[in-house]
Each structure stands twice: as structure tokens, then as C-alpha cells.
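Novice: The structure that follows is given in the form of C-alpha cells.
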Amino acid sequence: MDPVKKKVLIKTYGCQMNERDTEALKVLLVEAGFMIAEKEGDEDVVLLNTCSVREAAELKALGKAGRLLKKKKTHANYKVGVMGCMAAHKKEVLFKKLPGLDFIAPPKALHLIPELIRQSYVGNANQMAVPEPASFNFSCYEHTYPKPKAVAWIPIQQGCNMACSYCIVPRTRGEQQNRPFNSILKEVQEAVQWGTKEIILLGQIVNTYHDPDSKKNFVDLLEAVQNVEAVKRIRFISPHPAFFSSQLMQAFKHLSKLCPALHLPVQSGSDRILKEMRRAHTKAKIWEIVETLRTIDARASISTDIIVGYPGESEEDFQETVALFRDIKFDMAYIFKYSPRPLTWVAPQEQSLMGIPEKVKEDRNQCLLNILTQCSTEYNRQFMGECQEILIEGKAHRGEHQLFGKNIYNKKVIFAGPESWINTFKSVQINKITASTLEGKVVEDCGALWDGINNSEQG
Ligand code: SF4
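Following our numbering, the numbering of the sequence shown begins with -16 at its first residue and continues without gaps.
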């Protein structure tokens, strides 16, 4: 039996980094002679690319793995593997909890997975765990893009050197490792050759990026991407508020392709809780960034991450978060109820003694969601009746001939049009808004809306 004739299905959980790793792995698998199964049921091998940030995500993946393993009873040679963050910190537990599991591979072992699958067939071995490599092999991301796409997510680093008390990432992805500058630019060039218009630079703390050799920093990288002519828009995710330099703030002013849309993970509006979280920033720093950006572009979109119900979060602390949330008027936010994680700085006794009841967490979560709905609706209302330049990303799940794309403020816009428009810019007149989306109609021309696009050739 030739292992490379096998069809591999990858199920991805969690963040954009996992999505990008899955995409890179698909290319590596095809290069190694495997085939990719696009839907469940067609596969000989299934890989679960897991996320450990929240307990619920782990339980979901474990449940799925358990159900998939049952297929082994009826499908001879069916293989199940676990990759991603859970594979990094739950090695022993996984083999015990999931008898029959064939292999596990932590994030740094991405490039070794094709060989691991091959071994599982050739040697008929099971319960194989790849020893964690010392470093991440960034060349995994330097590949021919499998298909054209409007937006490319380009990893610039792996891991994190911070020690935020609630976060498991440094234990699953390891210390921060920066991708070489030229490797990033090589991927950018590759992406634009396939028609990509927008580049999103991706990392745990992008604004601490520096080239391992030349020491060029994150702003140098933004400038280099700006200089790639075929790139029309640039975004990045996620920065850490503590490492926002004035040089980076000014980049929003002088880099015409850098979109005025910033994801700023605040986590709490209480300086006391931020200190407990070991976050290294204060509320004052958040305000400084927000005000500077809004001076550059009064409409700048600012989104955030918030944790409610952190151990010991008093009503007073929470009200400080409410005030910050309301005053800044975030137009998008990921609001999380605190989820205790193993191997983090919050000690188990602290979690149980100072833990916030689920009901309180739920109420706080709902309170912020209500404010968010008001703020995002208000934010979106300013686009009503306006014409916006939209980069079309794909088909919308709204019936036939419905497309979606984004404006420079990262707002999703839905409108009618043929599929042939995907990956081009169109002018769209906005005629309907909700808290989460804008809707509109394609028109001939928006006129001079934004120098970043209007000064360059449009797709
Ligand atoms: S900065 Fe903090 S929250 Fe973000 S990945 Fe690093 S440790 Fe986790």
C-alpha cells in the first residue's frame, strides 16, 4: 500500500495562526504526494489542528477525535493524528484519553508531519509523538500559493516571550521566534503574484518583531511591504499595547497602504486587574494609542479582546472595564469569559478561591455584548449612504450572486455581483447597516476616497 496515495483531511480549531498552519501543511502534503480530502468521509487520514487557549476548544477537539477514532473499527488503516497547541502540552494525556490515536505533532513539528504520516503506514506504528524541534521551520510558509486569494495572512513570528497570567501560548508555541525579514518578503511576493491585494502580518506580538540578523524592526517591515507595488492594503494582528512606539503610530500616517483599523487587545479596563494579569500595559497607555490613532484618522476602527470574570475581578474592576469599553467605543470585540488553563501563572488555588461564579461571568459578558452592539451599530451608521472602496474576498452565505468584501476600516460589506469580481476592488454605495455588516450596491466610481488605493492601479 502506497502511503502517499492517501487522502488527508485537516480539521482546524482556533486562531488564524492555526488556519495558516493548516494551509501550509496542505501544500507540504501535496508536495510529498498525498491528496487533500475536502470533506469529511473522503479521508484515509484525519488531522485535528487544535487550539488550547480555552478549555471549551480543547474539549471540542477531544470529542471529535474520540468520534473519529471509532471509524477505525470499520475502516482498515484509518489514521488519526493531533497537531497544534494541544499536541504540545497534552502529549501523555492524549495517548491515554484517546486509545488508538496514531500520532501527535506540536506546532514546531509542522514540517515533519508528511513524514510522520508515511511512517505510520510504512512501519504500521502507532502512538508516535514527534520530539519537539528546538525551533520553528519558517520555510514551511514559503511555497507556491495553492489558489489565488484577495487576502494573505503572513506569519512573521511564532511563540511569545511574555507571561500574561491567563495565557497558555508560551507553553504551547514556545519562546518568540522571529521569521527572517527576507523570508517574509518572499512570501509577500509569492502572494501578490497569485493576485493577492491585501497582506495581513500575523504574530503573537507583531510589534516586537525584529529580523534575527539585521535587527530591522516591525516598522521597517511595514515599510518594506508598502514598497511592494502590487500590495494595495496592509494590516497586522496582534500588537501588544505595551510595545506601541511613536514610530509605529506615525506609520499609520505615512504609510498610505496601512489600513486605519487596529486590533488592540485591552483585556481589562482595571489597572489592578491588568497588573494581576501581568499585562505590562495600563489604561493610560490604551488611551494614548487610541487618541493618537484617532488624531490621524477620526474614523479609525478600533477592536479589542476582553476577558471578563478574571479571578478576583470585583464589581468595581468590572465597572472600569465597562467605562473604558463605552468611552472608547470599540466597534468590534472578542469578549471571553475567563477560562482557567493549566500551566499558566494563575495558580489553581487562586482560581478556586478567587474564581468568579459562572452566572456573574455570564452577566458581565452580556453587559459588554450589549454595549458592543450599540457601539458597532453607531460606528457602522456613519457609512450609510456613502460610497466605499471594497476589496472583494468571496461569496457571501446569502444566496446566489451575493459577494462580500471589506472597506479599509475592516468592515464587512455584502452586495450582489458575479463571482468573477472576487479579488478585485469595486465601489459600493452603502444602503443598509447592522451591528456586524454593511450592505450596498456596486456603483461606477467612488471618486477620490483614499490615497492608498486611488493612487495605485486597481485590480
Ligand atoms: S502577549 Fe500574553 S496573551 Fe499574548 S500570546 Fe503572549 S502571553 Fe499570551
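Virtual Cβ for every residue (Gly too), placed ideally from N, Cα, C.
Can you find the residues in the same chain that come closer than 8 Å, C-beta to C-beta, to arginine 218, ignoring five residues on each side of it along the sequence?
Specialist: Closer than 8 Å at the Cβ level, and outside the excluded window around arginine 218, lie Glu181, Ile182, Ile183, Leu184, Leu241, Cys242, Ala244, Asn393.
Novice: Does glutamate 345 pass the burial test, meaning 16 or more other C-beta atoms within 10 Å, or should it be called exposed?
Specialist: Glutamate 345 is exposed by the Cβ-count criterion.
Novice: Where valine 447 and glutamate 158 are concerned, what is the direct C-alpha to C-alpha distance, given to the nearest angstrom?
Specialist: Because residue 447 is not part of the residues shown, which for the chain are -16 to 442, the question remains open.
Novice: Would you tell me roughly how many angstroms separate the C-alpha atoms of leucine 99 and histidine 246, rounded to the nearest one?
Specialist: Looking at the two C-alpha atoms, the distance is approximately 37 Å.
Novice: When a residue counts only if its C-beta is closer than 5 Å to some heavy atom of the ligand NAD, which residues count, in chain order?
Specialist: The model depicted lacks the ligand NAD and carries the ligand SF4 instead.
Novice: Closer than 6 Å by C-beta to aspartate 280: which residues in its own chain qualify, once you throw out the five before and the five after it? Chain order, please.
Specialist: Hits under 6 Å: Pro243.
Novice: What are the residues that DSSP puts in a beta bridge with phenylalanine 408?
Specialist: Its beta-bridge partners are Leu374.
Novice: Spatial neighbours of isoleucine 354 within its chain, please: CB distance less than 6 Å, with the 5 preceding and 5 following residues excluded, ordered by chain position.
Specialist: Here the set comprises Phe308, Arg309.
Novice: What separation, rounded to the nearest whole angstrom, lies between the Cα atoms of glutamate 38 and alanine 70?
Specialist: C-alpha separation (whole angstroms): 14 Å.
Novice: Taking the alpha-carbon positions, what's the alanine 88 to lysine 320 distance?
Specialist: Roughly 29 Å separates the two Cα atoms.
Novice: According to DSSP, which residues form a beta bridge with glycine 67?
Specialist: According to DSSP, glycine 67 bridges with Thr33.
Novice: Using C-beta distances below 6 Å, list every residue in its chain close to glutamine 209, excluding the 5 sequence neighbours before and after it, in chain order.
Specialist: If we look at glutamine 209 and ignore the five residues flanking it on each side, its Cβ neighbours are Leu238, Lys240.
Novice: Mind the definition here: the stretch 131 to 149 touches the stretch 161 to 174 only if three or more C-beta pairs lie below 8 Å; say whether that holds.
Specialist: Yes, the stretch 131 to 149 touches the stretch 161 to 174.
Novice: Buried or exposed, going by whether 16 or more other CB atoms sit within 10 Å of the CB of asparagine 414?
Specialist: Flag for asparagine 414 reads exposed.
Novice: Any chance the stretch 262 to 280 sits against the stretch 214 to 228, with 3 or more Cβ pairs inside 8 Å?
Specialist: Taking 8 Å as the limit for Cβ pairs, the verdict is that the stretch 214 to 228 does touch the stretch 262 to 280.
Novice: Just checking my contact of aspartate 27 with lysine -10 at CB under 8 Å: how many whole Å lie between their CB atoms?
Specialist: That pair is a contact at about 5 Å.
Novice: Compute the Euclidean distance between the alpha carbons of tyrosine 124 and arginine 255, then round it to the nearest angstrom.
Specialist: Cα to Cα, the separation comes out at about 40 Å.
Novice: With methionine 260 and serine 286 assumed to form a contact (beta carbons below 8 Å), what rounded beta-carbon distance in angstroms separates them?
Specialist: The pair is not a contact, with the Cβ atoms about 19 Å apart (cut-off 8 Å).
Novice: In chain order, which continuous runs of the alpha helix (DSSP H) of length 4 or greater are located wholly inside the stretch 316 to 350?
Specialist: Those alpha helix (DSSP H) runs which fall completely within the stretch 316 to 350 and span 4+ residues are 331 to 336.
Novice: With distances taken between CB atoms, is the gap from leucine 31 to lysine -6 smaller than 8 Å?
Specialist: Their beta carbons are under 8 Å apart, which means leucine 31 touches lysine -6 by this criterion.
Novice: If you drop the 5 nearest sequence neighbours on each side, which residues of the same chain put their C-beta closer than 6 Å to that of valine 411?
Specialist: Hits under 6 Å: Gln371, Ile373, Val396, Phe398, Gly423, Val425.
Novice: Return the first residue and the last residue of the alpha helix (DSSP H) that serine 103 is part of.
Specialist: Element bounds for serine 103: 96 to 105.
Novice: If you follow the beta strand (DSSP E) that arginine 216 is in, where does it begin and where does it stop?
Specialist: Taken as a continuous stretch (DSSP letters only), the beta strand (DSSP E) holding arginine 216 covers 216 to 220.
Novice: What does a CB cutoff of less than 7 Å around glutamine 176 pick up in its chain, not counting 5 residues either side in sequence?
Specialist: Cβ within range, chain order: n/a, list empty.
Novice: With a floor of 3 residues, list each beta strand (DSSP E) that falls wholly inside the stretch 204 to 285, ordered by position along the chain.
Specialist: Runs of the beta strand (DSSP E) inside the stretch 204 to 285: 216 to 220, 244 to 246.
Novice: Return the chain-ordered list of same chain residues with a C-beta closer than 7 Å to the C-beta of asparagine 390, the five sequence neighbours on each side being excluded.
Specialist: Excluding residues within five positions, the ones whose Cβ falls inside 7 Å are Gln371, Glu372, Ile373, Val396.
Novice: Indicate the three-state DSSP secondary structure (helix, strand or coil) for aspartate 85 in the structure shown.
Specialist: The answer is coil: DSSP assigns aspartate 85 none of H, G, I, E or B.
Novice: How about glycine 377 and isoleucine 339: do their beta carbons lie closer than 8 Å?
Specialist: In this structure, isoleucine 339 does not lie closer than 8 Å to glycine 377 by Cβ.
Novice: Are the beta-carbon atoms of leucine 45 and arginine 154 separated by less than 8 Å?
Specialist: Against a cut-off of 8 Å, the Cβ pair of arginine 154 and leucine 45 comes out as no contact.
Novice: Is tyrosine 317 buried or exposed, if buried means 16 or more other CB atoms sit within 10 Å of its CB?
Specialist: It counts as exposed.
Novice: Shortest alpha-carbon distance to phenylalanine 119 belongs to which of Ala92, Met145, Asn144, Val214?
Specialist: When only C-alpha atoms are compared, the closest one is Ala92.
Novice: Rounded to the nearest angstrom, what separates tryptophan 328 and glycine 382 at their Cα positions?
Specialist: Tryptophan 328 and glycine 382: Cα-Cα distance of roughly 47 Å.
Novice: Go through its chain and collect everything with a Cβ distance to valine 65's Cβ below 7 Å, but skip five positions before and after it.
Specialist: So the qualifying residues of the chain are Leu31, Thr33, Ala48, Leu77, Leu84, Ile87.
Novice: Just tell me which of Asn406, Ile269, Lys22, Leu8 has its CA closest to the CA of arginine 216.
Specialist: Per the Cα distances, Asn406.
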